[in-house]
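Presented below is the structure to which this report refers.
In the working numbering, the protein residues as written are 79 to 308.
This is the structure in structure tokens:
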């Protein structure tokens, strides 16, 4: 008997479009990629793999991905007009059909350029029922769904760093829902994916950033619309 991970895999999400995987999931992936980039977006290249590559026009995956980059939710009526809206806002984009290897068939790699020329690469999959999984950020393996507000760190793999970050969050009464710690094979880097019940204020995030081994900290606020960044 197949295990059902979410009620959405049975009922499906509230959405605009014909397919929960190819439309709702695609929009969520785009919005997460936008949040990870955390800057005013100038250009996006979408590298489409598997089923995404085969049906991205017919199932509205192209519109959904762009809608997510614009900051729209899967049930936003503007999803239907996302391509026109992107053109009006001056967002440049390109769809590239590719083979990303042994990954989920509904996988897309985003290459996002902000107005300052900074490039952010994000890979994620639409795994069914509108649910998604982000699997890579800038070449570093990660694994999170975006169901919670999330703090993502990239840091030197030094003893005590996990307890330091956990201590800062606990001291500021931030409850950790889930934590996943990943080490980059063959390197000295590591990453924490910390799903939290509420995002701490900027001063708390700054405390984490100032820790000696820390290289970068990405904050994804589930409640933030982010529509002002494109």
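Just so it is clear, CB atoms sit at the ideal spot from N, CA and C, and this is done for glycine as well.
The alpha helix (DSSP H) spanning residue i covers which residue range?
{"i": "residue 103", "result": "103 to 115"}
{"i": "residue 118", "result": "Note, residue 118: premise wrong, no alpha helix (DSSP H); not H, not E."}
{"i": "residue 282", "result": "280 to 287"}
If we ignore side chains and look at the alpha-carbon of each, how far apart do residue i and residue j end up?
{"i": "residue 259", "j": "residue 221", "result": "10 Å"}
{"i": "residue 145", "j": "residue 289", "result": "36 Å"}
{"i": "residue 94", "j": "residue 106", "result": "Note that residue 94 scores 47 on pLDDT, short of 50, meaning its location in the model is unreliable; the coordinates nonetheless yield the value given after this. Looking at the two C-alpha atoms, the distance is approximately 12 Å."}
{"i": "residue 297", "j": "residue 175", "result": "30 Å"}
{"i": "residue 163", "j": "residue 203", "result": "25 Å"}
{"i": "residue 214", "j": "residue 199", "result": "8 Å"}
{"i": "residue 79", "j": "residue 140", "result": "Because residue 79 sits at a pLDDT of 43, beneath the cut-off of 50, its placement in the model cannot be relied upon, and the following sentence gives the value as read from the coordinates. When rounded, the distance between both Cα atoms is 34 Å."}
{"i": "residue 248", "j": "residue 238", "result": "15 Å"}
{"i": "residue 143", "j": "residue 104", "result": "5 Å"}
{"i": "residue 294", "j": "residue 111", "result": "16 Å"}
{"i": "residue 92", "j": "residue 262", "result": "Any reading at residue 92 needs caution, since the residue's pLDDT is 46, under 50, leaving its predicted position unreliable; the model's value is listed next. Roughly 37 Å separates the two Cα atoms."}
{"i": "residue 285", "j": "residue 272", "result": "15 Å"}
{"i": "residue 234", "j": "residue 242", "result": "13 Å"}
{"i": "residue 126", "j": "residue 179", "result": "11 Å"}
Tell me whether the beta-carbon of residue i lies closer than 8 Å to the beta-carbon of residue j.
{"i": "residue 120", "j": "residue 192", "result": "yes"}
{"i": "residue 277", "j": "residue 244", "result": "no"}
{"i": "residue 117", "j": "residue 194", "result": "yes"}
{"i": "residue 257", "j": "residue 231", "result": "no"}
{"i": "residue 250", "j": "residue 282", "result": "yes"}
{"i": "residue 274", "j": "residue 229", "result": "yes"}
Nearest by alpha-carbon distance to residue i: which of the options is it?
{"i": "residue 223", "options": "255, 237, 236 and 158", "result": "255"}
{"i": "residue 154", "options": "297, 101 and 168", "result": "101"}
{"i": "residue 129", "options": "150, 197 and 205", "result": "205"}
{"i": "residue 190", "options": "169, 184, 208 and 207", "result": "169"}
{"i": "residue 210", "options": "152, 262 and 157", "result": "152"}
{"i": "residue 279", "options": "246, 115, 137 and 182", "result": "246"}
{"i": "residue 124", "options": "172, 138 and 274", "result": "172"}
{"i": "residue 108", "options": "134, 138 and 147", "result": "147"}
{"i": "residue 197", "options": "160, 115 and 286", "result": "115"}
Along the chain, where does the beta strand (DSSP E) containing residue i start, and where does it finish?
{"i": "residue 293", "result": "292 to 298"}
Cβ of residue i within 7 Å of any heavy atom in the ligand COA?
{"i": "residue 212", "result": "For the structure depicted, the ligand COA is absent and the ligand set is empty, with no information on it obtainable."}
Could I get the ranges of all uninterrupted alpha helix (DSSP H) runs contained in the stretch 191 to 269, with 4 residues as the minimum, in chain order?
-> 239 to 249
Please list the segments of the alpha helix (DSSP H) lying wholly inside the stretch 128 to 177, counting only runs of 4 or more residues, in order along the chain.
-> 128 to 133, 139 to 148 and 160 to 166
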